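In my numbering, the protein residues as written are 1 to 535.
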């Protein structure tokens, strides 16, 4: 039989207490461990939140110094953040007034529908493409802004973010540039931009129309490709010296088209400098004045012809009186002489020379438009043209072929019939003389000119007219001869073969009838064109 003693009891109690203490300690340690783990997790979350908040604050500082405007708004469109650029756009010190306001309050009414559609896309998590809208600032100031929107997490909350940039001045500058480009593209003046060495970088459509060159044919080439050879080297040296001084050069240029024909233009060439003051480009604005130059030449010619005509007319009248006495007394002497007398033949030669002189006087009087009987009536030009060509056919050799193209049924002009005949005969005779040696084709064409259209419209004062062309296949004329063909007494023929008044008379008749006469000539071709008003 076991008998417990107090010592055993004490030991048992101590063992029990020990076990209980160990259990309690284990539980305590477990609880402490759990508390430590929980505390660690809690501290970790606090650290994460601190780090996240610090990162967020750093992000806001970065956004705030961005030169581009940035706003953040919630799912109701309420503004949660605006950086310094946005505040400056709306006015310094107004940042507090922006936060909490609805972003649509600043959108121009014309763009609110588009803005709401973009807002809905952002809420769906879809970025919105860049766009330009108008916004209304304090004071009803309207600005153009370029915006780009996308979803954005702002301090653990889903929001929307929009980047915006004021493009008002940029759009204004672009509009001005577009207007300037449109003006340059549509102006009638030729505009050429070259680099400092004269290499072409830009030409407008007027340049291509005037010169016949396309843009691709001239870009990168030197502007000397237009050089006609009409100006000497000193002319160009003076031009470049002016431009290199930084001054504007203005003057007339005779240049050459792609087809080889020459044209005159009035040019203003200006240097273009960069920010450092160095000349980098030249801009030339040029206007084709070939027609004006031709009119100037015609006016000068008409004034010269008028002066010569007035002088010649006065001399012719006096000379006519002298010839009258010479021919009259010669006729009396012939009547008093016998045909077989030695003096009779001399008298006949005197009379023949006197008649030739009288005919020359009549041409001079016609040229000076002082001849008697210059009475203008309504004249049908087609019958007169046919009659004149018939007479010419009988007098011209068979080596000359006459081709006529009368494309007008009938036309009436206010003129003296004798003037019309003389005009046609003189022109055709001049063409025949050009083909006398080798023969050729004489082509006479009569066409109708509609009112206010085509060449001669200014001369015809907007009314209808006719165009008579006399063309031959002779050797042609040089430009120097063409400049003088209408001068009185000018002739390329040997002395005694021509008076030099034929074309001068034609010129006087045409201008007396209110028309114009022009001439074109190249190798194996000369064409006179007369334009007259009809009634």
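Backbone N, C-alpha and C define an ideal beta-carbon position, used for all residues, glycine too.
A quick note: this is a predicted structure, and the numbers were derived from the prediction, not measured.
C-beta atoms of residue i and residue j nearer than 7 Å
| i | j | result |
| --- | --- | --- |
| residue 431 | residue 477 | no |
| residue 290 | residue 254 | no |
| residue 257 | residue 198 | no |
| residue 210 | residue 129 | no |
| residue 471 | residue 428 | no |
| residue 412 | residue 297 | no |
| residue 200 | residue 191 | no |
| residue 408 | residue 446 | yes |
| residue 486 | residue 513 | no |
| residue 163 | residue 279 | no |
| residue 318 | residue 376 | no |
| residue 246 | residue 205 | no |
| residue 103 | residue 141 | no |
| residue 68 | residue 177 | no |
| residue 421 | residue 388 | yes |
Nearest-angstrom beta carbon gap, residue j and residue i [assumed within contact, 8 Å]
| i | j | result |
| --- | --- | --- |
| residue 467 | residue 518 | The pair is not a contact, with the Cβ atoms about 10 Å apart (cut-off 8 Å). |
| residue 356 | residue 449 | About 39 Å; that fails the 8 Å criterion. |
| residue 400 | residue 435 | 6 Å |
| residue 267 | residue 292 | With a Cβ gap of about 14 Å, residue 267 and residue 292 do not count as contacting. |
| residue 316 | residue 361 | 5 Å |
| residue 426 | residue 473 | That pair is no contact at about 19 Å. |
| residue 392 | residue 402 | 7 Å |
| residue 189 | residue 122 | Contact flag wrong, Cβ pair sits at about 51 Å. |
| residue 491 | residue 481 | Contact flag wrong, Cβ pair sits at about 10 Å. |
| residue 167 | residue 219 | At roughly 32 Å, the Cβ-Cβ gap does not stay under 8 Å, so residue 167 and residue 219 are not in contact. |
Of the residues the options, the one placed nearest residue i, counting alpha carbons only
| i | options | result |
| --- | --- | --- |
| residue 479 | 261, 533 and 145 | 261 |
| residue 110 | 143, 138, 86 and 81 | 143 |
| residue 194 | 203, 187 and 188 | 203 |
| residue 156 | 74, 120 and 487 | 74 |
| residue 124 | 325, 138 and 160 | 160 |
| residue 244 | 487, 282 and 317 | 282 |
| residue 118 | 506, 149, 62 and 421 | 149 |
| residue 107 | 433, 121 and 138 | 138 |
| residue 418 | 334, 338, 510 and 206 | 510 |
| residue 378 | 62, 533 and 126 | 533 |
| residue 82 | 99, 91, 76 and 482 | 99 |
| residue 72 | 101, 90 and 433 | 101 |
| residue 443 | 465, 408 and 404 | 404 |
| residue 328 | 358, 342 and 299 | 358 |
| residue 146 | 114, 134, 488 and 395 | 134 |
| residue 158 | 63, 501, 77 and 165 | 77 |
| residue 321 | 386, 140, 354 and 475 | 354 |
| residue 241 | 221, 277 and 196 | 196 |
| residue 299 | 136, 86, 515 and 440 | 515 |
| residue 295 | 225, 264, 337 and 66 | 264 |
| residue 91 | 340, 342 and 136 | 136 |
| residue 406 | 386, 232 and 414 | 386 |
| residue 398 | 440, 410, 433 and 414 | 440 |
| residue 475 | 489, 433 and 269 | 433 |
| residue 208 | 238, 259 and 236 | 259 |
> Taking contact to mean at least 3 C-beta pairs separated by less than 8 Å, is the region 334-353 in contact with the region 378-395?
Replying inline: no
>> I'd like the ranges of any beta strand (DSSP E) spanning at least 3 consecutive residues and lying wholly in the region 312-392.
In response: 377-380
>> At 3 residues or longer, what runs of the beta strand (DSSP E) sit wholly inside the region 490-529?
In response: 516-522
> In chain order, which alpha helix (DSSP H) runs of at least 4 residues are fully inside the region 185-259?
Replying inline: 205-211, 215-218 and 233-244
>> Going residue by residue through the region 130-164, where are the continuous beta strand (DSSP E) segments of at least 3 residues, counting only ones entirely within it?
In response: 141-154
>> Quick check on the DSSP output: what are the complete beta strand (DSSP E) runs of length 3 or more inside the region 388-438, in order along the chain?
In response: 400-406 and 412-415
> Residue ranges of each alpha helix (DSSP H) run of no fewer than 4 residues wholly in the region 87-128, ordered along the chain?
Replying inline: 95-98 and 112-123
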